[in-house]
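Down below is the structure, laid out as structure tokens.
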Amino acid sequence: MEKLIIEGGRPLVGEVRISGAKNAALPLIAATLLAPGIHVLTNVPDLRDTRTMLKLLSELGAVWKRDGSTLTIDCTEVDYAEVSYDLVKTMRASVLVLGPLIARLGKARVSMPGGCAIGERPINFHIQGFERFGVHCALEHGYVSAEHDGTMHGATVHLDIPSVTATENLMMAAVLARGTTIIKNAAREPEISNLIDMLRKMGADIEGRGGDEITVTGVARLRAAQTEIIPDRIETGTYLIAVAAAGGRTTVTDCQPKHLPALLDKLSESGVGITSGDSSITVEMDPQRRARLKGVDIKTMVYPGYPTDLQAQFMALMSLCNGTCVIKETIFENRFMHVAELRRLGARIKTEGNSAVVTGNGPTGLSGARVMATDLRASSSLVIAGLAASGRTEISRIYHLERGYENLSGKLNGLGARVWKEDE
Ligand code: EPU
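See the structure below:
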């Protein structure tokens, strides 16, 4: 196993290019299973999770080739409908193939994901939705088996919570179902709109893009298409927060500022200099601004609210502010695993239930330490804290980071940081 070493205390200066979004690439790769033929996806990030999804597709009979950030996937021969525990346990987004397999092959058998470091994360909304479409679902030996006899039909499904992957899975099944499906209280994240754009290019009939009610009218068949993955808004936000924490002046390019309304507001409110262009954001944090960083409260919400995937990173920044702030996590019940690790660098954070109270130490208030990564976004908050801290920080279990950040050390070093990997 490898660990990440950071020599902190250096400002981040220059330009960094944002990669395609992990959480768009995963459902879009799964969606290729819906139609035979050769699909082309561009701006696909090369991450541990996208590699896992491609390995899964190979097991199902797809053949793919990567050329830089362009993926060509041939789904003509897809004929196998089972996904093993070994794959699902490394990446729970593997369940995204359920919808496409049920729609294309009439059956699927996918290992049921267990809990994870941020919460229980059940998939009951996915299963209840498929059942409303007339799909018979059963749980046996840790696997979800789903099957229908060619009569899958559309239905109205009301999600209790606007779940991102449940919305995606149900849309991907509904596109080939008979009749009309209405998904009420659907998730509105930009990654859902990216998937809708791809499904429409494939010939699907979908209305309600960007809204909380999505209407899908099933079609008899779909065709392969070419689609571009949107820029990763969470990677974008992570770099913006990193510069705010470590100081410096950086332009983040090839991103979508309009996908980060809540974060940009919160950064400006805390005194960070933010200038947005059409597809770039410049973040400015000189020593005066750093010394005056204000504590600002956040509450994680579904899109367009403040994203849960940027909660841990903002907490690292707030541990450098003047004053106190409250961070409330409303999406996942256990997403404060980073708190104990941030405390090892000197952060003053108290948690009670789903709230964390952070008392800032000022810009020089963190010192490097050895810490442990527990999940993807918790790990990136430790990287941010390490970049801002004095001295050396060592982060173990960095495979979590490799699941979601393309070339993290290379990008940070390009901005003047000192970051490298070593064997444990
Ligand atoms: N939920 C249920 N039942 C379900 C589905 C969800 O109770 O059947 C609950 C969850 O337990 C959670 C809430 O609903 O409390 C919202 O979860 P959601 O289903 O929206 O999350 P997800 O689809 O599993 C995606 C992202 C996550 C991101 C969340 C929230 C992908 C592949 N994953 O997960 O990304 O945190 O939406 O925005 O799109 C990450 O990238 O680090 C990450 C965890």
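Quick note on the working numbering: the sequence shown kicks off at 9 and runs consecutively.
Virtual Cβ for every residue (Gly too), placed ideally from N, Cα, C.
None of the values given here were measured: they were computed from a predicted structure.
Sorting T316, S66 and L113 by C-alpha distance to the C-alpha of I339 places T316 at the top. T372 is the residue among T372, I46 and K419 whose C-alpha sits nearest the C-alpha of G16. Straight-line spacing of the CA atoms in R411 and D57 works out to 5 Å. Of the candidates V280, I13 and Y151, the residue whose Cα lies closest to the Cα of P295 is V280. R186 is bridged by DSSP to H161. Beta-carbon to beta-carbon, R257 and A29 are separated by about 25 Å, too far to satisfy the 8 Å threshold. Linking D94 to I131 through their CA atoms gives a straight-line distance of about 18 Å. In summary, P265 is buried, with 16 or more beta-carbon neighbours lying within 10 Å of its beta-carbon over all protein chains present. Partner residues in the beta bridge of Q234, as assigned by DSSP, are V48.
Taking 8 Å as the cut-off, the Cβ atoms of K192 and L230 do not count as close. For D273, no beta strand (DSSP E) run applies; the uninterrupted alpha helix (DSSP H) run containing it begins and ends at P269 to E277, by DSSP.
The beta carbon of H134 sits closer than 7 Å to at least one heavy atom of the ligand EPU. DSSP places I204 in the helix class (H, G or I) of the three-state scheme. Looking only at L416, E414, Y407 and G376, the smallest Cα-Cα distance to G399 is reached by G376. In this structure, DSSP gives E221 an extended state, which the three-state scheme calls strand. Annotation note: the stretch 129-159 contains the following uninterrupted beta strand (DSSP E) runs of length 3 or greater, listed N- to C-terminal: 144-148 and 151-155. Checking the DSSP bridge columns, you'll see P371 has no partner listed.
The three-state secondary structure of V96, taken from DSSP, is helix.
Only exposed fits I169, as fewer than 16 other CB atoms lie within 10 angstroms of its CB. Rounded to whole angstroms, the separation of the alpha carbons of R385 and L318 is 7 Å. Sorting D87, V227 and Y151 by C-alpha distance to the C-alpha of M179 places V227 at the top. A straight-line Cα-Cα distance of about 9 Å links L147 and S119. Only residues of its own chain outside the window of five on either side were considered, and among them T290 have a CB closer than 6 Å to the CB of T283, listed in chain order.
The DSSP assignment places complete beta strand (DSSP E) segments of no fewer than 3 residues inside the stretch 50-110 at 71-75 and 78-82, in order along the chain. In this structure, L178 has its CB at a distance of at least 7 Å from all heavy atoms of the ligand EPU. Boundaries of the beta strand (DSSP E) harbouring I403: R400 to S404, taken from the DSSP string. CA-to-CA, the gap between C83 and V48 works out to about 11 Å. By the CB criterion at 8 Å, L34 and M61 fall inside the cutoff. Contact between the stretch 243-257 and the stretch 207-226 is not established, with fewer than three Cβ pairs separated by less than 8 Å. In this structure, the CA atom of I406 is about 21 Å from the CA atom of K63.
In this structure, G303 lies away from M323, with their beta-carbon atoms at least 8 Å apart. Shown here, P35 sits in a helix according to DSSP, grouped into three states. Checking the 7 Å criterion, the Cβ of G28 is out of range of every heavy atom belonging to the ligand EPU. At the C-beta level, R112 and V86 come within 8 Å of one another.
Taking A70 as reference, the option from Y88, N330, R300 and A163 with the minimal CA-CA separation is Y88. The bridge partners DSSP lists for P239 are G28.
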